[in-house]
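Engineer: Everything in the sequence shown is counted per the working numbering, starting at 5 for the first residue and increasing by one.
Backbone N, C-alpha and C define an ideal beta-carbon position, used for all residues, glycine too.
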Amino acid sequence: MLKSKQEPARLTPIKPGTWAYAAKRLKESWPWYLMMLPAIIYLAIFDYAPMGGLIMAFQRYSPTKGIIGSTFVGFKHFERYFSHPFFWKMIRNTLNITTLSLCTFPCSIIFALFLNEVTQTKFKKFAQMISYMPHFLSEVVVVSLVLLLLDLNNGPINNMIEAFGGERYYFMGDPDIFPLIYVLQGLWQGLGWGAILYISALSAVPTEQIEAARIDGASRFQIMWHINLPTILPTIMITFVMRIGSLLSLGYTRLLLFANPLNQEVIQTISMYVYTVGLGSGGYSDYSYATAIGLVNSLVNLSLLVIFNKISKKLTEVSLF
Numbered sequence: 005m006l007k008s009k010q011e012p013a014r015l016t017p018i019k020p021g022t023w024a025y026a027a028k029r030l031k032e033s034w035p036w037y038l039m040m041l042p043a044i045i046y047l048a049i050f051d052y053a054p055m056g057g058l059i060m061a062f063q064r065y066s067p068t069k070g071i072i073g074s075t076f077v078g079f080k081h082f083e084r085y086f087s088h089p090f091f092w093k094m095i096r097n098t099l100n101i102t103t104l105s106l107c108t109f110p111c112s113i114i115f116a117l118f119l120n121e122v123t124q125t126k127f128k129k130f131a132q133m134i135s136y137m138p139h140f141l142s143e144v145v146v147v148s149l150v151l152l153l154l155d156l157n158n159g160p161i162n163n164m165i166e167a168f169g170g171e172r173y174y175f176m177g178d179p180d181i182f183p184l185i186y187v188l189q190g191l192w193q194g195l196g197w198g199a200i201l202y203i204s205a206l207s208a209v210p211t212e213q214i215e216a217a218r219i220d221g222a223s224r225f226q227i228m229w230h231i232n233l234p235t236i237l238p239t240i241m242i243t244f245v246m247r248i249g250s251l252l253s254l255g256y257t258r259l260l261l262f263a264n265p266l267n268q269e270v271i272q273t274i275s276m277y278v279y280t281v282g283l284g285s286g287g288y289s290d291y292s293y294a295t296a297i298g299l300v301n302s303l304v305n306l307s308l309l310v311i312f313n314k315i316s317k318k319l320t321e322v323s324l325f
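#1: Within 10 angstroms of the Cβ of residue 290, are there 16 or more other Cβ atoms? Answer buried if so, exposed if not.
#2: Let me know if residue 196 comes out buried or exposed under the rule of 16 or more other beta-carbons within 10 Å of its beta-carbon.
#3: In this structure, does DSSP put residue 76 in helix, strand or coil?
#4: Going by DSSP in three states, residue 272 sits in which element: helix, strand or coil?
#5: Would you call the CB atoms of residue 203 and residue 116 closer than 7 Å?
#6: Given this structure, state the Cα-to-Cα distance separating residue 50 from residue 297, to the nearest angstrom.
#7: Is the Cβ-Cβ distance between residue 143 and residue 247 less than 7 Å?
#8: Under the rule that 16 or more other beta-carbon atoms within 10 Å means buried, what is residue 163, buried or exposed?
#9: Can you tell me the Cα-Cα spacing of residue 147 and residue 137, whole angstroms?
#10: Check residue 218 in the structure and name its three-state DSSP category.
#11: Do you know how far the Cα of residue 240 is from the Cα of residue 209?
#12: So, helix, strand or coil for residue 226, using DSSP?
#13: Nearest to residue 308 by CA position, among 250, 121, 151, 236, is which residue?
#14: Given residue 267, which residues of its chain have a CB within under 6 Å of its CB, disregarding the five upstream and five downstream residues?
#15: Determine the direct distance from the alpha carbon of residue 324 to that of residue 199, and round the result to whole angstroms.
#16: Rounding to the nearest angstrom, what Cα-Cα distance links residue 110 and residue 311 in this structure?
#17: Please name the residue or residues paired with residue 63 in a DSSP beta bridge.
#18: Inspect the beta-carbon positions of residue 154 and residue 165 and report whether they are closer than 7 Å.
#19: Could you check what DSSP says for residue 172 in three-state terms: helix, strand or coil?
#20: Which whole-angstrom value describes the C-beta separation of residue 236 and residue 191, a residue pair presumed to lie in contact below a C-beta threshold of 8 Å?
#21: Between residue 57 and residue 295, which are expected to be in contact by the criterion C-beta below 8 Å, what is the C-beta distance as a whole number of angstroms?
#22: For the alpha helix (DSSP H) that residue 132 lies in, which residues bound it at each end?
#23: Would the C-beta of residue 32 count as close to the ligand COA, meaning under 6 Å from any of its heavy atoms?
#24: Which residues mark the beginning and the end of the alpha helix (DSSP H) in which residue 246 is found?
#25: Could you tell me whether the Cβ atoms of residue 187 and residue 105 are closer together than 7 Å?
#26: If you follow the alpha helix (DSSP H) that residue 296 is in, where does it begin and where does it stop?
#27: Just curious, the alpha helix (DSSP H) that residue 103 is in, first and last residue?
#28: What residues in its chain sit with their C-beta under 7 Å from that of residue 113, if we drop five residues either side in the sequence?
#29: What do you get for residue 133, buried or exposed, if any count of 16 or more other CB atoms within 10 angstroms of its CB means buried?
#30: Give the single residue among 194, 238, 59 whose Cα lies nearest to the Cα of residue 140.
#31: Using a Cβ-Cβ cut-off of 8 Å (strictly less than) and excluding sequence neighbours within five positions of residue 254, which residues of its own chain qualify?
#32: Between the alpha carbons of residue 177 and residue 95, how many angstroms are there, rounded?
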């Protein structure tokens, strides 16, 4: 009688999300995790560890007593912020600038699409160099250049207006056009740098599709609209969601550089208020109050990020998480 061959023991698959699965992935990909280690350490020290200081938003923080010894005051600073007489004005000024800046979001995409169509290598490199250059300049330098261009007496723009028969205009003294000047300066400085990501994404467009479209008689614009743009759509949606997630975040550096007695009405944004309160006005710094305002901003930005991420996932099936 023949003996039946014994079947080999089947290995039990490791379920994802378990410690065994994590150990297996770590063993297989340890060189990649080792390369990530410096970035993880940097984030842990400079981004996550300081989040412990958010407890100051609920305290009357004193530098001499420290976080542990400071008095707990609950939501007092939040109530003070929401009841501030200029609260809605700060919100409105901030949104006036950030929403106008959001309208310039497609500019880098359009620039990348058209730059991708350039066939002359020398001209393409020259255009990229010129567009990238402002990003590497200090904001102080860029703002100074803008102020020189818009100068009332010797500015080139006013010189051109006068040459064509117009009257010189003090642009920096008009609060109504200040948000436009602020946004255009940011667009000039970040246009080329913002296009790098989309130019890289366009390199993944299948050349076979482009050649087939050309054979079928498609124009360059049709190729951009029906092939190039859908290919980079995931990248566009991810960057757009991240941009929405910083809608209430506005740097105070440029605002300080652009500030003058005539535009104080429009530069009173949330970031300027935090700067004034946190770094001291009249020799007094209210760290707890500034932390509370920053925490509110972060929570609102996080909420917007989650909401628009869900919308993006539902409409385009592309999301951050």
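Structural biologist: To lay it out plainly:
#1: The count along the sequence shown starts at 1 and reaches residue 290 at position 286. Classification for residue 290: buried.
#2: Translated into positions along the sequence shown, residue 196 becomes position 192. Classification for residue 196: buried.
#3: In the sequence shown, the residue the question calls residue 76 occupies position 72. Note: residue 76 maps to strand in three-state DSSP.
#4: Residue numbering aside, residue 272 sits at position 268 when the sequence shown is read from its first letter. DSSP places residue 272 in coil when its eight states are reduced to three.
#5: Position 199 of the sequence shown, counting from 1, holds the residue named residue 203. Position 112 of the sequence shown, counting from 1, holds the residue named residue 116. Yes.
#6: For the purposes of this step, residue 50 is taken as residue 46 along the sequence shown, with counting starting at 1. For the purposes of this step, residue 297 is taken as residue 293 along the sequence shown, with counting starting at 1. So the two alpha carbons sit approximately 20 Å from each other.
#7: Translated into positions along the sequence shown, residue 143 becomes position 139. Translated into positions along the sequence shown, residue 247 becomes position 243. No, the pair does not count as a contact, with Cβ atoms beyond the cut-off.
#8: Within the sequence shown, residue 163 is the residue found at index 159, counting from 1. By the neighbour-count criterion, in which a residue is buried when 16 or more other Cβ atoms sit within 10 angstroms of its Cβ, residue 163 is exposed.
#9: Residue mapping note: residue 147 aligns to position 143 of the sequence shown, counting from 1. Residue mapping note: residue 137 aligns to position 133 of the sequence shown, counting from 1. About 14 Å.
#10: Looking up residue 218 in the sequence shown gives position 214. Assignment of residue 218 by DSSP, reduced to helix, strand and coil, places it in the helix class.
#11: What you label residue 209 is simply residue 205 of the sequence shown in a count that begins at 1. What you label residue 240 is simply residue 236 of the sequence shown in a count that begins at 1. Spanning the alpha carbons of residue 209 and residue 240 requires a straight line of approximately 15 Å.
#12: Residue mapping note: residue 226 aligns to position 222 of the sequence shown, counting from 1. The answer is helix: DSSP assigns residue 226 an H, G or I state.
#13: Here residue 308 refers to the residue found at position 304 when the sequence shown is read from its first residue. That would be 250, whose Cα lies nearest to the Cα of residue 308.
#14: Along the sequence shown, read from residue 1 onward, the residue named residue 267 stands at position 263. In its chain, beyond the 5 residues on either side, 179, 182 have a beta carbon closer than 6 Å to the beta carbon of residue 267.
#15: On the sequence shown, position 195 is the one that residue 199 refers to. On the sequence shown, position 320 is the one that residue 324 refers to. Rounded to the nearest angstrom, the gap between the Cα atoms of residue 199 and residue 324 is 20 Å.
#16: By one-based count along the sequence shown, residue 110 stands at place 106. By one-based count along the sequence shown, residue 311 stands at place 307. Separation of residue 110 and residue 311 (C-alpha to C-alpha, rounded to the nearest whole angstrom) is 21 Å.
#17: For the purposes of this step, residue 63 is taken as residue 59 along the sequence shown, with counting starting at 1. Paired residues: 76.
#18: Mapped onto the sequence shown, residue 154 falls at position 150. Mapped onto the sequence shown, residue 165 falls at position 161. Contact flag unset, no.
#19: The residue labelled residue 172 in the question sits at position 168 within the sequence shown. DSSP places residue 172 in coil when its eight states are reduced to three.
#20: Here residue 236 refers to the residue found at position 232 when the sequence shown is read from its first residue. Here residue 191 refers to the residue found at position 187 when the sequence shown is read from its first residue. A Cβ-Cβ distance of about 20 Å is found for the pair residue 236 and residue 191, leaving them out of contact under the 8 Å criterion.
#21: As a first step, residue 57 must be located in the sequence shown, where it is residue number 53. As a first step, residue 295 must be located in the sequence shown, where it is residue number 291. Sure, about 7 Å apart at Cβ, within 8 Å.
#22: If you number the sequence shown from 1, residue 132 lands on position 128. Run containing residue 132: 125-136, per the alpha helix (DSSP H) assignment.
#23: Only the bare structure without any ligand can be found here, which leaves the ligand COA out of the picture.
#24: The residue you call residue 246 lines up with position 242 of the sequence shown. From DSSP, the alpha helix (DSSP H) with residue 246 extends over 233-248.
#25: Numbered from 1 along the sequence shown, position 183 holds the residue referred to as residue 187. Numbered from 1 along the sequence shown, position 101 holds the residue referred to as residue 105. Yes. Within cutoff.
#26: Mapped onto the sequence shown, residue 296 falls at position 292. Here the alpha helix (DSSP H) through residue 296 covers 291-320.
#27: Counted from its first residue, the sequence shown places residue 103 at position 99. If you look at residue 103, you'll find it in the alpha helix (DSSP H) that goes 91-107.
#28: Walking along the sequence shown from the start, residue 113 turns up at place 109. Cβ neighbours of residue 113 beyond the five flanking positions: 202, 240.
#29: For the purposes of this step, residue 133 is taken as residue 129 along the sequence shown, with counting starting at 1. Looking at its Cβ environment, which holds fewer than 16 other Cβ atoms inside 10 Å, residue 133 is exposed.
#30: Position 136 of the sequence shown, counting from 1, holds the residue named residue 140. Measuring from the Cα of residue 140, the nearest candidate turns out to be 194.
#31: Along the sequence shown, one-based indexing puts residue 254 at 250. Shown here for residue 254: same chain residues with a beta carbon closer than 8 Å to its own, the five before and five after excluded, namely 98, 101, 102, 273, 274, 275 in chain order.
#32: To locate residue 177, count along the sequence shown from 1; it is residue 173. To locate residue 95, count along the sequence shown from 1; it is residue 91. Distance between the alpha carbons of residue 177 and residue 95 is about 22 Å.
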